[in-house]
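Below is one structure, written out as C-alpha cells; the observations come after it.
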Amino acid sequence: MSLFWRIFLLNATVLFAAAGLLLLGPVTISTPVLLTEALILAGGLAAMLTANAALLRVGLAPLQRLTRAMSTTDLLRPGRRPVVSGHGEIAGLIQTFNTMLDRLEAERAASSGLALSAQEAERRRIAQELHDEIGQTLTAVLLELKRVADQAPSDLRPQLHQVQETTRASLDEIRRIARRLRPGVLEELGLISSLKALANEMAEHTDLTVERHFDSDLPALDHETELVLYRVAQEGLTNAVRHSEARRAELTLRTAPGGVDLLVADDGIGIGAAAEGAGIRGMRERALLVGAELVIGPAPGRGTRVRLHVPVKNGGS
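Quick note: the sequence shown uses full-length UniProt numbering, first residue 1, plus one each step.
The following block contains the structure:
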C-alpha cells in the first residue's frame, strides 16, 4: 500500500470513529453549547488528535530513521545500513538508499584506489629524480669542494669545510626525503624491517622516542596491504611529531582475531575537537582500499591512538 493511502486510511479511521461516537453515543449538543458538552467535545478532539499522531508516528518512524542515516552517513566511515522496514514506498525508499550507498562506497573506493596508485607512482618518480639528479649533483659538488679545499689557502679552508658540511647535510636530507617518498626497504626487506627503519628515522631526526612491538607470527600480507599499513604508521607518527607535541610514541603490529592490528599511540595533547585534516582523510581512504577499519581517538591516559584493523582471510592475503 502506498504512503498516500496509508495516511489517508489512518485519518479516515479516526474520523469515522469520531463520527460513530457522535451518532451512536448519548452525547448531544445544545444551543447555546453547554460547558459540559464543550468539555466532552474538547476531550474527544484531543483523543482523536492523539490517536492520529500516534498512528502517524508509527507509520512514519522508518522515514525518521532514514533521515538520521542520511544526515550521519560518511563514505569514509562505512557503517551499518538502516534496516529495511515499513511497507510499500517506505521500504522501497530505504532499500534504494542502501543500494545507493553500496554503489557510492564502491565507486569511492575505486576512485581512491586509482588516485592513491597515481600518488604512489608520482612519489616513486620524484624519489628517483631526487636520488639520481639532485643527489648526484650534490655529490659532485662535494667532490669539487673537497678538491678546492685541498688547494685553497689555509685561512679559507675552515669556511670551505663548513660549506662541505652544509652540502653533506643537504644531501642526507634529500636522501631521507627520497626514502620517505619511496620506502625501498618495504619492497626489499618486508613490512617489519620497513617499520623498524621508520621508527629509527623518527627517533634520529625528531625528539620523539618510539617504542616498537611487533608480533613474530604475522600472517602473510600482499604488497598493497603492507603499503597501507606502512603509510598509516608513517602518517600516525608524523602527526604525533607535528601536531600532538608528543615526546613518546608506541608502534605496535600484532595478530588479531580475523587479521592484524596496527596501533600508533602517543602521549601528546590529543586530537580534541580539531577537524580531520588531509592526513587523516588519506588514512581513511587507504583503509577502505583493503577493507580495513580505522579508529582514531584518545589514547589511555592522554594523547592520540590510531588503530587500523586489517582483515586477513584464510591466514593470508
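Note that the Cβ used here is the ideal one computed from N, Cα and C, for glycine as well.
How far does the beta strand (DSSP E) with residue i in it reach, from first residue to last?
i, result
"P311", "304-311"
"R248", "248-256"
"G259", "259-266"
Do residue i and residue j have their CB atoms nearer than 8 Å?
i, j, result
"G277", "P298", "no"
"G268", "V312", "no"
"L55", "L104", "no"
"L264", "G236", "A small fix is needed here, since residue 264 is Val in this sequence, not Leu. Contact flag set, yes."
"L145", "L156", "no"
"R176", "H131", "no"
"T255", "D217", "yes"
"L208", "V241", "yes"
"L116", "L195", "no"
"A249", "D261", "no"
"F214", "L186", "no"
"L181", "I134", "no"
"Q164", "A152", "no"
"L191", "Y230", "yes"
"V310", "I296", "no"
"V14", "M48", "yes"
"A246", "G301", "no"
With residue i as the anchor, note down where its alpha helix (DSSP H) starts and where it stops.
i, result
"residue 318", "Only positions 1 to 317 of the chain appear in this structure, which leaves residue 318 out of reach."
"D74", "Where D74 is concerned, there is no enclosing alpha helix (DSSP H), given that its DSSP letter is neither H nor E."
"A106", "89-129"
Quick check on DSSP: helix, strand or coil for residue i?
i, result
"R80", "coil"
"R65", "helix"
"V163", "helix"
"residue 320", "Beyond the ends of the chain as shown, which are 1 and 317, falls residue 320; an answer cannot be given."
"G291", "coil"
"D155", "coil"
"E285", "helix"
"S317", "At S317 the pLDDT is 43, less than 50, meaning the model places this residue with poor confidence; the figure from the coordinates comes in the next sentence. Of the three classes helix, strand and coil, the one that applies to S317 here is coil, per DSSP."
"N276", "One detail in the question is off: residue 276 reads as Glu in this sequence, not Asn. Coil."
"E133", "helix"
"E144", "helix"
"E173", "helix"
"D215", "coil"
Any heavy atom of the ligand ZN inside 7 Å of the beta-carbon of residue i?
i, result
"E226", "Within the structure as shown, the ligand ZN is missing, as the structure has no ligands at all."
Subject >> Uninterrupted alpha helix (DSSP H) stretches inside the region 179-209 (no shorter than 4 residues) >> reply: For the region 179-209, whole alpha helix (DSSP H) runs of length 4 or above, ordered along the chain, are 184-189, 191-205.
**OP:** Check whether the region 282-301 touches the region 199-219, taking contact to mean three or more Cβ pairs, one atom from each stretch, closer than 8 Å.
**Re:** The way I'd put it, the region 282-301 doesn't touch the region 199-219; fewer than three beta-carbon pairs between them come closer than 8 Å.
Subject >> Segment contact, 8 Å Cβ cut-off, at least three pairs: the region 138-152 with the region 91-107 >> reply: They do not touch, by the three-pair rule.
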